[in-house]
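Trainee: In the numbering used here, the protein residues as written are 19 to 115.
Yeah, the Cβ is synthetic: ideal placement off N, Cα and C, and Gly gets one too.
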């Protein structure tokens with residue numbers, strides 16, 4: 019999943035701006051065209067289910083709180099995981115956002 023997301027980032031003219039937009043406004047803003055429609059977010063969720071569950075479980079363990087899923091489960095967790103991985107990539111690249 020991380021390699022897939024990294025490729026999406028690198029396909030943009032200014033990857034740093036794209037990362038900043040995702041981290042500041044989230045997938046809900048429409049910043050990620052690949053995850054705009056339910057059929058896209060559901061496909062992403064199904065393809066990356068195991069990794070998404072690992073991210074969710076780790077986040078809940080680290081915070082001690084369950085994720086409060088609002089709306090469609092697959093859509094919400096696809097966006098959550100995408101944003102989480104973008105955050106990891108930004109930190110690894112030591113980007114300011």
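The alpha helix (DSSP H) that contains residue 71, what's its start and end?
Mentor: 67–81
Trainee: Here's a check: name, in chain order, each residue in its chain whose Cβ is nearer than 6 Å to the Cβ of residue 84, leaving out the five neighbours to either side.
Mentor: 78
Trainee: Answer yes or no: the CB of residue 32 versus the heavy atoms of the ligand NAP, is any distance below 7 Å?
Mentor: By its list of ligands, the structure shown contains no ligand whatsoever, and the ligand NAP lies outside what it can speak to.
Trainee: Whose C-beta lies closer than 8 Å to the C-beta of residue 42 among residues of the same chain, with five residues either side of it excluded?
Mentor: 115
Trainee: Would you mind giving the Cβ-Cβ distance between residue 34 and residue 113, rounded to the nearest angstrom? I have them listed as a contact below 8 Å.
Mentor: 6 Å
Trainee: Taking just the CA atoms, how far does residue 74 sit from residue 53?
Mentor: Using only the alpha carbons, I get a separation of about 18 Å.
Trainee: Comparing alpha-carbon positions, which option in 69, 60 and 59 lies nearest residue 21?
Mentor: Looking at the Cα atoms, 69 is the closest of the given residues.
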